[in-house]
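First residue of the sequence shown? That's 6 in this note's numbering, and the numbers climb one at a time after it.
Worksheet for the structure shown next.
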Amino acid sequence: MKAMVYLWQKKNGEVEARFSVDWEACERMEITREDGRTVCWLREPMPLGIAEESCRLFNFAGKRGDSRTPDQRAMSLRQSAESAWDAAGEKGVSVLVTSRSEGEREKNAEWRKANETEWEVLSAAAEQAGACLQGRSLLREEAMAMLAKALPTLREREPLQALQLSALRGAVRLAAAIAPRAAGSAGSRRRQGLRCRRCGSGEERMRRTRCASCGRSGCAVCEACAALGRSRECELLVLGAEQPGTALAALPPAFEDRWGLSPAQRSAAEAAYRFLRAVGEAPASIAVEPCQPLACSQHLATQALRLLRRMLASLALTSGRSSHADHPARSFLLWAVTGAGKTEMIFPLLDAVLRAGGRALIATPRRDVVLELAPRLLKAFPDVRQAVLYGGSEDRWTNAPLTIATTHQLMRFQHSFDLVLVDELDAFPYHNDPVLHYAADKARRRHGATVLLSATPPAKLRQRIRRGQAGCARVPVRYHRHPLPVPQRLSLPPLSKLVQRRELPRALLAPITVSVRRGAQVFVFVPYIKHVLPVVGLLRRAAPALGIRTEEIAGTYSSDPERASKVQDFRQKKLRLLVTTTILERGVTIPKSDVFILGAHQSTFDDASLVQMAGRAGRSADDPFGRVYFGSPYLTLSQRQACRQIRAMNRMARRRGYLRQEGERA
């Protein structure tokens, strides 16, 4: 895409460079504007990224004290354009037009007079465009699609003209999707590389190609977010304005206790709610630190450290070096064991924010979880309009107070939600993906807050919590108030040797037989896809000894086309043993199940995945003492850490009085 570059003189005499993606709309808008006028412009449109950089260079020079004459400013605009072309490593022609002729002014005025009704329609469309794009971050075609849905009567070029008018009025911001990373001169910016404004990726994820849209031979394309449409250096990114005010400042002192939460759930939800209120009461640039009981001297030292952090945060903001990296002061972790009822705990938070007129987002890495959550939230909040977003969703261009989305869809938002809830933050693909972390933080409003949900938070986040750099509330017990099953160890040869021997050892068959006889469904986890079918074969050979039919044993993995039907058969007890990989370590709940993890020493199984797989057992109140086994030739650090985490949660639950006492009724 190309854009025109021009100088705009404000009513107070200040001059700034601007670009336009629809020059005709700017010309016709100027006739009725009283806040300034166009001084001069470059006759030939330029690739959008270079046009924006030309404006930035001109305005950057003006900030240092602008004593230039009108002629000098005009020449400076041309020089800025040439510098932008040079920094891009290409050559372009910049022909300067110093003024608009009277004939052109009269022509535009005549058009406005003859097409007053059409102009009024376009002006109203610009106002509606600003409203529907609020809190959005969309590429040009996405913005066009959203406007086509909201304003179906617009024709041909009118959606783009409406966007340009909306930008002139300050309701949206138009920018190149990819731009140089840092402030400063053109050369220094180019040396520091480019950055995708949609996903935050840097130069290492850029690829330069010949572009038919802008004519350049090396127009940068971001490969990190290409699945959601091409973000290019000449592509238009439409950024909607942030809604004024903040719902968190209007939260009442306490949430309504109408959700039937257990004592452990209520305690954690109350801690998270206090955090939301603290964020709402603090300025956006001030850190909101978790409160901890400290000795007097330690308290004073900590207060001094907090003050220093606040000063540094303020300096970073005022110097323009702040980024979308998640500020620990505005995030809170609900660390709840598997099966603790995390969804129920977020209901009071959602309810309070929605009642205060705010917008809330629940983001999860997986589409199946989105589809599972949507009806539960609709039942909990029947009077609240919701948008359900995933690849191919019909709600893609719907704005709603409550949004449930996969984490990839968050790239289409910016400063949109008062409350962002990220579920399963340790799960693929969100875990260790800086693009999705950037998107989740960018979707939150400046005065908003993020609540993270996990049974197995990453080590870096746990370290931040230990240092007091992030708030946290733990839920160490499941809703049925029984302790978590602690894994037992089975000393077994490596899987490769078991497959070679074509026979499973009695040390493994004996506990599986016990599980089958007690009526449990059995998860058998293996580290790699290549192990699934061989282990299925070994178990089927042992089926008579186990007391089940061979057709009651199956295996599945990520690329299995029958995975969904096999999981459904497992839920319905048509299958008794299911051999699988970490693809089923979360999201599948079987009321009465036991878990066997073979090859537990393999590096594929870190402590988090071991805890998640162990969490498939004991989830039902009717069978809270499910059995878990780690099968391996030796103990690894990951196995020890997994057992340590489970035991620590059980101790915490016992210490806090959450565990059910013997003889106590359910």
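Quick reminder that beta carbons are idealized off the backbone N, C-alpha and C, glycines included.
Keep in mind that this is a model prediction, so the values were computed, not measured.
Alpha carbon to alpha carbon, how far is residue 83 from residue 66? Give it in angstroms, no decimals.
Numbered from 1 along the sequence shown, position 61 holds the residue referred to as residue 66. Numbered from 1 along the sequence shown, position 78 holds the residue referred to as residue 83. Each residue's Cα considered, the two are about 13 Å apart.
Tell me residue 634's beta-bridge partners as DSSP assigns them.
Stepping through the sequence shown from its first residue, residue 634 is reached at position 629. According to DSSP, which records beta bridges pairwise, residue 634 is partnered with 493, 601.
What residues are listed by DSSP as bridge partners for residue 338?
Here residue 338 corresponds to residue number 333 of the sequence shown, with the count starting at 1. DSSP lists 457, 477 as the beta-bridge partner residues of residue 338.
Touching or not, the region 229 to 240 and the region 627 to 638, by the rule of three or more beta carbon pairs under 8 Å?
no
Exposed or buried, what is residue 575 when buried is set at 16 or more other beta-carbons lying within 10 Å of its beta-carbon?
Position 570 of the sequence shown holds residue 575. Here residue 575 is buried. Its C-beta has 16 or more other C-beta atoms within 10 Å.
For residue 50, name the three-state secondary structure that DSSP assigns.
As a first step, residue 50 is located in the sequence shown; it is residue number 45 there, counting from the start. DSSP, read as helix, strand or coil, puts residue 50 in coil.
On the DSSP bridge list, what partners appear for residue 14?
Indexing the sequence shown from 1 puts residue 14 at position 9. Answer is 20, 42.
With three or more C-beta pairs closer than 8 Å as the rule, is the region 245 to 264 touching the region 443 to 456?
yes
Go ahead and label residue 423 buried or exposed: buried means 16 or more other beta carbons lie within 10 angstroms of its beta carbon, across all protein chains shown.
Position 418 of the sequence shown holds residue 423. That one is buried.
Where does residue 25 fall in DSSP's three states?
Taking the sequence shown and counting its residues from 1, one reaches residue 25 at position 20. Strand at residue 25.
The beta strand (DSSP E) with residue 353 in it runs from where to where?
For the purposes of this step, residue 353 is identified with residue 348 of the sequence shown, where counting begins at 1. Counting along the chain, residue 353 falls outside any beta strand (DSSP E), though it belongs to the alpha helix (DSSP H) covering 347 to 360.
Quick one: what does DSSP say residue 9 is sitting in, helix, strand or coil?
Here residue 9 is taken as the residue at index 4 of the sequence shown, counted from 1. Residue state, collapsed to three classes: strand.
Span of the alpha helix (DSSP H) holding residue 226?
The sequence position of residue 226 within the sequence shown is 221, counting from 1. If you look at residue 226, you'll find it isn't in any alpha helix (DSSP H); it sits in the beta strand (DSSP E) that goes 224 to 227.
Using the rule of at least 16 other Cβ atoms within 10 Å of the residue's Cβ for burial, across every protein chain shown, is residue 151 buried or exposed?
Here residue 151 is taken as the residue at index 146 of the sequence shown, counted from 1. The C-beta of residue 151 has 16 or more other C-beta atoms within 10 Å across all chains shown, which makes the residue buried.
Going by the beta-carbon positions, is the gap between residue 138 and residue 18 smaller than 8 Å?
Here residue 138 corresponds to residue number 133 of the sequence shown, with the count starting at 1. Here residue 18 corresponds to residue number 13 of the sequence shown, with the count starting at 1. No, Cβ-Cβ distance for residue 138 and residue 18 is not below 8 Å.
Taking the straight line between their C-alpha atoms, what separation do you get for residue 55 and residue 445?
Within the sequence shown, the letter at position 50 stands for residue 55. Within the sequence shown, the letter at position 440 stands for residue 445. If you take the alpha carbons of residue 55 and residue 445, they lie about 29 Å apart.
List the whole-angstrom C-beta distance separating residue 492 from residue 634, where the pair is believed to meet the contact cut-off of C-beta under 8 Å.
For the purposes of this step, residue 492 is identified with residue 487 of the sequence shown, where counting begins at 1. For the purposes of this step, residue 634 is identified with residue 629 of the sequence shown, where counting begins at 1. Rounded, the Cβ-Cβ distance is 6 Å, consistent with contact.
Can you have a look at residue 430 and say buried or exposed, based on whether 16 or more other CB atoms are within 10 angstroms of its CB?
On the sequence shown, residue 430 is found 425 positions in, with the first residue counted as 1. Residue 430 is buried by the Cβ-count criterion.
For residue 216, does the three-state DSSP call read helix, strand or coil?
Locating residue 216 in the sequence shown gives position 211, counting from the first residue. Three-state result, residue 216: coil.
What are the boundary residues of the beta strand (DSSP E) that residue 4 is part of?
Look at the range of the chain in this structure, 6 to 671, and you will see that residue 4 is not part of it.
In the DSSP assignment, the alpha helix (DSSP H) including residue 468 goes from what residue to what residue?
In the sequence shown, counting from the first residue as 1, residue 468 sits at position 463. In the DSSP annotation of this structure, the continuous segment of the alpha helix (DSSP H) that includes residue 468 starts and ends at 464 to 471.
If you run the structure through DSSP and keep just helix, strand and coil, what is residue 442?
Along the sequence shown, read from residue 1 onward, the residue named residue 442 stands at position 437. Three-state result, residue 442: helix.
What residues match up with residue 183 in a beta bridge as DSSP calls it?
Locating residue 183 in the sequence shown gives position 178, counting from the first residue. 201.
Can you check the region 368 to 406 for any alpha helix (DSSP H) of at least 4 residues that lies completely inside it and give the ranges in chain order?
372 to 385
Take the Cβ of residue 158 as the centre, count every other Cβ of all protein chains shown within 10 Å, and call the residue buried at 16 or more, exposed below.
Taking the sequence shown and counting its residues from 1, one reaches residue 158 at position 153. Exposed.
Quick one: what does DSSP say residue 663 is sitting in, helix, strand or coil?
Your numbering for residue 663 matches position 658 in the sequence shown. In this structure, residue 663 counts as coil in the three-state DSSP scheme.
Which residue comes first and which comes last in the alpha helix (DSSP H) that contains residue 135?
Sequence index remark: in the sequence shown, residue 135 carries index 130 (1-based). Here the alpha helix (DSSP H) through residue 135 covers 121 to 137.
Could you check where the alpha helix (DSSP H) with residue 274 kicks off and where it finishes?
Reading the sequence shown from its first residue, position 269 is the one you call residue 274. Residue 274: member of the alpha helix (DSSP H) spanning 268 to 286, first to last residue.
Near residue 23, which residues of its chain fall below 8 Å by C-beta distance, leaving aside the five closest residues on each side in sequence?
Along the sequence shown, read from residue 1 onward, the residue named residue 23 stands at position 18. Counting only Cβ-Cβ distances below 8 Å, and skipping sequence neighbours, we find 10, 11, 12, 13, 60.
On the three-pair Cβ rule with 8 Å, is the region 391 to 408 touching the region 455 to 469?
Segments in contact, no.
Between the region 364 to 375 and the region 273 to 290, can you find at least three pairs of beta-carbon atoms closer than 8 Å?
Verdict: no, contact absent.
Is residue 412 near residue 395, with beta carbons less than 8 Å apart?
Locating residue 412 in the sequence shown gives position 407, counting from the first residue. Locating residue 395 in the sequence shown gives position 390, counting from the first residue. Taking 8 Å as the Cβ cut-off, residue 412 and residue 395 do not qualify as a contacting pair.
Can you tell me which residues form a DSSP beta bridge with residue 422?
As a first step, residue 422 must be located in the sequence shown, where it is residue number 417. BP columns for residue 422 point to 449.
How is residue 616 classed by DSSP in three states: helix, strand or coil?
Your numbering for residue 616 matches position 611 in the sequence shown. Taken through DSSP and simplified to helix, strand or coil, residue 616 comes out as helix.
Would you give the residue range spanned by the alpha helix (DSSP H) that residue 748 belongs to?
Beyond the ends of the chain as shown, which are 6 and 671, falls residue 748; an answer cannot be given.
If we count the other Cβ atoms within 10 Å of its Cβ and call it buried at 16 or more, is residue 447 buried or exposed?
The sequence position of residue 447 within the sequence shown is 442, counting from 1. By the neighbour-count rule (16 or more Cβ atoms within 10 Å), residue 447 is buried.
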